[in-house]
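*Asks:* Numbering (UniProt numbering), first residue to last: 1 to 430. For glycine and all other residues, C-beta sits at the position ideal for the given N, C-alpha and C. Note that the structure is predicted; figures quoted are calculated from it, not measured.
1. With a threshold of 16 other CB atoms inside 10 Å of the CB of residue 283, please say whether the residue is buried or exposed.
2. Which runs of the alpha helix (DSSP H), 4 residues or longer, sit entirely within the segment 264-332?
3. With distance defined between alpha-carbon atoms, name the residue in 19, 130, 336 nearest to residue 152.
4. With 16 as the cutoff for other CB atoms within 10 Å, does residue 97 come out buried or exposed?
5. If you reduce the DSSP assignment to three classes, tell me which class residue 99 lands in.
6. Taking one C-beta from the segment 148-166 and one from the segment 79-87 each time, how about it: are there three or more such pairs within less than 8 Å?
7. Please go through the segment 154-180 and give each complete alpha helix (DSSP H) segment of 4 or more residues, from N-terminal end onward.
8. Going by the beta-carbon positions, is the gap between residue 61 and residue 77 smaller than 8 Å?
9. Cα separation between residue 35 and residue 273?
10. Hey, out of 173, 160, 337, whose CA is closest to residue 119's CA?
11. Classify residue 434: buried if its beta carbon has 16 or more other beta carbons within 10 angstroms, exposed otherwise.
12. Can you tell me which of the three DSSP states residue 212 falls into?
13. Could you work out which residue in 391, 318, 104 is closest to residue 345 when comparing CA atoms only?
14. Nearest by alpha-carbon distance to residue 33: which of 129, 74, 121, 238 is it?
15. Tell me where the alpha helix (DSSP H) around residue 35 begins and ends.
16. Counting Cβ pairs closer than 8 Å, one from the segment 291-310 and one from the segment 322-336, do we hit at least three?
17. Which of the three DSSP states, helix, strand or coil, is assigned to residue 104?
18. With a threshold of 7 Å, establish whether the CB of residue 237 neighbours any heavy atom of the ligand MG.
19. Reducing DSSP to helix, strand and coil, say where residue 235 ends up.
20. Are there 16 or more other CB atoms within 10 angstroms of the CB of residue 91, so buried, or fewer, so exposed?
21. If you run the structure through DSSP and keep just helix, strand and coil, what is residue 223?
22. Does the segment 300-312 touch the segment 375-394, meaning 3 or more C-beta pairs lie closer than 8 Å?
23. To the nearest angstrom, report how far apart residue 337 and residue 414 are at their CA atoms.
24. Looking only at its own chain, which residues have a Cβ that is under 7 Å from the Cβ of residue 149, when we skip the five neighbours before and after it?
25. The alpha helix (DSSP H) spanning residue 197 covers which residue range?
26. DSSP state of residue 430, grouped into three classes?
27. Given that a residue counts as buried once 16 or more other Cβ atoms are within 10 Å of its Cβ, and exposed if not, what is residue 320?
28. What number of angstroms, rounded off, separates the C-alpha of residue 205 from the C-alpha of residue 29?
29. So residue 80 packs on residue 202, CB below 8 Å; how close in whole Å?
30. Expressed to the nearest angstrom, what Euclidean distance is found between the alpha-carbon atoms of residue 225 and residue 372?
31. If you measure between the beta carbons of residue 112 and residue 169, is that distance less than 8 Å?
32. Using the rule of at least 16 other Cβ atoms within 10 Å of the residue's Cβ for burial, across every protein chain shown, is residue 55 buried or exposed?
33. Compute the distance between the beta-carbons of residue 290 and residue 340, then report whether it is under 8 Å.
34. Around the Cβ of residue 421, are there at least 16 other Cβ atoms within 10 angstroms (buried) or fewer (exposed)?
35. In angstroms, rounded to a whole number, what distance separates the CA positions of residue 278 and residue 370?
What follows is the structure in structure tokens.
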């Protein structure tokens, strides 16, 4: 029953995320490489803002899995996010008036960043509520509607008009606004007015968020490094190339995030029931399949690198492009192995232990940025791989200490897989 639920949910999410991948591919094939760099620079800013806007509320909501029967906490989290997002918008325009922000942040770009932040925050909050109720259908519907709307509308308009970056941003702003309104209306309908305690819920979310936000910031830092530092230091063309290479392996992101979302509500539910044997069973029944899927994805992306790069309008015969692709392929494999660990750590409320190790990583980040200043874009890519390896090492150490949840031999298998693929990458690049 556990395996069936996880596999069904994971498969449905893979399908939904596949549509998101098609939308991304359409964006890349519609814009020059410099505009792609600018687009993902804006997405990077949105990702940073999302950490502060959500305040860790999706995890706080999901940890209530099996306890709550109404969406009051989700509604309160949406109100908190909306307030913080409005404050961010005011700050953007204030700094823009003082000419203290990057030239790429035009008024349209700022509105796009804020609307993207809000729609992603609201979506995360709504999905967390649906998962906490183990309601798979609503989760799939909201994701499917959001991604289908973006893909179909952009595809139809692109078939008639030549789209620029500005026109795509305006189009996405309109879709974001409609999505925000639909989610907020749904949460408004589902809330229990008799038990509405917004002030108490927000206080709970803020308290939990202080513990969760540093974790989310650490997890998002590699993307911050690539999309923000890479853009401002190496230029939009180099950053565009790096982001395209990230997206060539989008199957990893799709696969890892779908499995993580499928597992989280079940782990949260069993954790609240204090059923450790059931949690161990989830590890046993899903981990081998998940790791095997990661290895298959790596092999396919490695063998078919020319076809993959060609799909994204990149020349596989250019050595710098090919080397960057293989480095990012290794990054995606390490990220995917760590993603499932992250799902368990969050839902088992072990992020506090993880944070103790991650604090060392916060000391590494300024050193990495300083080291990359006079280097090339490949050095930045290697830095991101090392950050991901450090994060994975901390996760595995925490799970090793909690060995009743995950068999120790599985820790060594992940290490062997990374050692082999890392050696292959070094041979291909050097």
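*Replies:* In short:
1. buried
2. 276-303, 305-311
3. 19
4. exposed
5. coil
6. no
7. Listed in chain order, there is nothing to give.
8. Yes, these two residues count as a Cβ contact at 8 Å.
9. 50 Å
10. 173
11. Because the chain is modelled from 1 through 430, residue 434 falls outside the range shown and cannot be assessed.
12. helix
13. 391 is the residue among 391, 318, 104 whose C-alpha sits nearest the C-alpha of residue 345.
14. 238
15. 33-54
16. yes
17. coil
18. The ligand content of the structure shown is nil, which means the ligand MG is not present either.
19. coil
20. exposed
21. The answer is helix: DSSP assigns residue 223 an H, G or I state.
22. Between the segment 375-394 and the segment 300-312, the count of C-beta pairs closer than 8 Å stays below three; the two stretches do not touch.
23. Counting only the Cα atoms, residue 414 lies some 7 Å from residue 337.
24. Excluding five sequence positions before and after residue 149, the CB atoms of its chain that fall closer than 7 Å to its own CB belong to 175, given in chain order.
25. Note, residue 197: premise wrong, no alpha helix (DSSP H); not H, not E.
26. coil
27. exposed
28. 41 Å
29. 5 Å
30. 10 Å
31. yes
32. buried
33. yes
34. buried
35. Going by C-alpha positions, residue 278 is about 46 Å away from residue 370.
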